[in-house]
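Numbering (my numbering), first residue to last: 77 to 516.
From the three backbone atoms N, C-alpha and C, an ideal C-beta is built for every residue, glycine too.
Quick caveat: nothing in here was measured; it's all calculated off a predicted structure.
Have a look at the structure below, then the notes.
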Ligand SMILES: Nc1ncnc2c1ncn2[C@@H]1O[C@H](COP(=O)(O)OP(=O)(O)OP(=O)(O)O)[C@@H](O)[C@H]1O
Ligand SMILES: O=C(O)[C@H](O)CO
Ligand SMILES: [Mg+2]
């Protein structure tokens with residue numbers, strides 16, 4: 077425990093390993109001859125005519141690799157869509173690349189291919205689907221008469237207006253042929269299993285990658301209310317608004333709701349999420365002599381405010397041994413937000429760490445690492461940053477005022493100058509962020 081940053085990085089990386097996309101699939105999908113076990117379900121492969129593989133999301137190439145290694149002899153056709161640069165050479169499953177976070181024409185062509193494969197599946201076939209974060213942007217399939225340009229325009233407006241991912245994806249589901257249960261409809265009546273890596277707090281099946289195989293509880297009216305809430309009715313492409321109004325007035329079919337027959341033979345299985353990463357990180361902390369405590373996988377809100385709560389719990393632990401006596405490791409997960417006011421460079425994890433540096437000043441036995449599990453925190457090459465009770469004072473000795481960097485949203489600039497950035501490179505997984513705090 078004499079090198080807390082080394083401990084914290086190992087703890088974080090243990091969390092990453094638990095949600096590695098390929099490992100996550102292999103942990104939940106097992107084959108024993110003709111028996112295929114998916115979670116608690118079992119499928120007799122002798123009763124299956126063909127196996128089809130489809131998927132979309134940044135981590136779905138390694139997920140498809142795991143399925144290929146298990147079932148290559150049975151896979152009839154397969155296709156997954158990943159963010160450009162996140163591909164892998166596979167033997168039977170086609171890996172297509174497309175743009176993210178704003179959809180592009182390559183995504184349109186790839187999604188057409190996904191639907192084509194799913195539609196080939198019949199009553200005696202098995203469809204294995206893999207979804208992970210980024211899936212929505214990678215599966216543009218605008219309902220007629222909408223164009224890709226109109227989808228791009230409304231996506232940009234939604235990403236910039238502060239809407240939650242639930243609100244953004246409610247609208248995306250109602251403008252798409254694949255989202256909001258569309259893939260389940262295409263695959264019906266085949267038996268479909270979706271393996272899902274969750275990058276959304278609470279793991280809502282209809283929100284992750286916009287729920288291509290999940291019932292959609294949202295409605296056309298919800299979508300119009302969302303556009304109204306963010307004053308986008310006049311800014312959104314007019315035909316987007318008219319499609320939503322037509323749907324509200326019964327002129328277009330709603331997305332399939334819970335209980336719809338298209339879901340009768342569909343199972344959705346979460347194979348990796350933030351909590352699984354936290355629990356694995358806790359085990360590594362305890363291997364290193366810390367008493368581990370997972371506080372939450374649902375942390376949200378402004379990063380600099382969340383930092384105050386994290387620091388407060390850490391200080392209580394250091395001062396009174398509550399909720400756990402040191403040496404201890406407190407673990408938080410989730411996805412905070414940052415309201416940008418300055419022109420600096422950073423990400424929500426780096427910003428949270430910088431705010432911790434200020435809140436923990438003088439508490440020399442507390443050290444924090446906040447980092448994104450996808451390896452990229454904001455538009456930077458860092459996954460996150462470390463901070464401890466000495467960070468602020470040491471910066472000031474260099475003539476660097478942490479508060480000024482925080483005010484300009486320049487956490488990257490601060491940690492680049494003072495040391496403290498964690499760089500992992502792209503990890504191919506994405507189960508949001510981990511905040512690990514050791515108290516010695
Ligand atoms: N200078 C900055 N300081 C702090 N946060 C920033 C800064 N610039 C951008 N951000 C935040 O970074 C967020 C995007 O970062 P990031 O790409 O890691 O998000 P994400 O949820 O991981 O998305 P994706 O799944 O596409 O990777 C934006 O929502 C924005 O609030
Ligand atoms: O693709 C998406 O919709 C987001 O990453 C949430 O899963
Ligand atoms: Mg990211």
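Asked, Found
"Please report the residue range of the beta strand (DSSP E) in which residue 120 lies.", "117 to 120"
"Just mark residue 117 as buried or exposed, buried being the case when its beta carbon has 16 or more other beta carbons within 10 Å.", "exposed"
"If you compare alpha carbons, which of 249, 284, 257 is closest to residue 319?", "249"
"Going by beta carbon distance, what residues of the same chain come within less than 6 Å of residue 107, once the five residues before and after it are set aside?", "146"
"Helix, strand or coil: which one does DSSP assign to residue 247?", "helix"
"Check whether the stretch 441 to 449 touches the stretch 459 to 475, counting contact only when three or more Cβ pairs, one atom from each stretch, lie closer than 8 Å.", "yes"
"May I ask whether a heavy atom of ligand 2 can be found less than 7 Å away from the beta carbon of residue 283?", "yes"
"On a CA-only basis, which of 331, 151, 307, 101 is nearest residue 124? Give me that one, please.", "151"
"Do you know how far the Cα of residue 376 is from the Cα of residue 492?", "26 Å"
"Among 176, 287, 137, 301, which residue has its Cα nearest to the Cα of residue 163?", "137"
"Between the Cα of residue 329 and the Cα atoms of 290, 354, 156, 219, which residue gives the shortest distance?", "219"
"So which of 148, 129, 142 has the shortest CA-CA distance to residue 157?", "129"
"Take the Cβ of residue 348 as the centre, count every other Cβ of all protein chains shown within 10 Å, and call the residue buried at 16 or more, exposed below.", "buried"
"With 16 as the cutoff for other CB atoms within 10 Å, does residue 480 come out buried or exposed?", "exposed"
"On a Cα-Cα basis, can you pick out the residue from 433, 293, 482, 426 that is closest to residue 497?", "426"
"For the stretch 482 to 511, which segments carrying the alpha helix (DSSP H) assignment without a break, of at least 4 residues, lie completely within its bounds, in sequence order?", "487 to 494"
"Measure the beta-carbon distance from residue 281 to residue 350 and round it to whole angstroms, keeping in mind my assumption that it falls under 8 Å.", "No, residue 281 and residue 350 are not in contact; Cβ-Cβ is about 15 Å, not under 8 Å."
"State whether the stretch 221 to 237 contacts the stretch 79 to 99, with contact taken as three or more CB pairs (one from each stretch) at a distance under 8 Å.", "no"
"Compute the beta-carbon to beta-carbon distance between residue 436 and residue 387, rounded to the nearest angstrom, for a pair I have assumed lies under 8 Å.", "5 Å"
"Does DSSP classify residue 200 as helix, strand or coil?", "coil"
"Put residue 446 into one of helix, strand or coil per three-state DSSP.", "strand"
"Can you give me the Cβ contacts of residue 159 inside the same chain, cut-off strictly under 6 Å, excluding the 5 residues immediately before and after it?", "134, 176, 210"
"Quick test of the definition: if touching needs 3 or more C-beta pairs under 8 Å, does the stretch 397 to 414 touch the stretch 350 to 364?", "yes"
"Run the proximity test for residue 214: is its beta-carbon closer than 7 Å to any non-hydrogen atom belonging to ligand 1?", "no"
"What did DSSP end up calling residue 112 once you bin it into helix, strand or coil?", "strand"
"Reducing DSSP to helix, strand and coil, say where residue 405 ends up.", "strand"
"Taking just the CA atoms, how far does residue 161 sit from residue 506?", "15 Å"
"Let me check understanding here. Comparing Cα to Cα, which of 369, 428, 374 lies closest to residue 399?", "369"
"Let me know the beta strand (DSSP E) ranges lying completely inside the stretch 147 to 219, each 3 residues or longer, listed in chain order.", "151 to 159, 169 to 174, 202 to 207"
"Name the DSSP bridge partner or partners of residue 273?", "348"
"Cutting at 8 Å between CB atoms, please list the residues of its own chain near residue 455, excluding the five before and the five after it.", "421, 423"
"Run the proximity test for residue 416: is its beta-carbon closer than 7 Å to any non-hydrogen atom belonging to ligand 1?", "yes"
"CB-CB under 8 Å to residue 494, same chain, minus the five flanking residues each way: which ones, in chain order?", "467, 470, 471, 474, 476"
"Report yes if the C-beta of residue 348 is less than 7 Å from at least one heavy atom of ligand 1; otherwise report no.", "no"
"Return helix, strand or coil for residue 333, following the three-state DSSP convention.", "coil"
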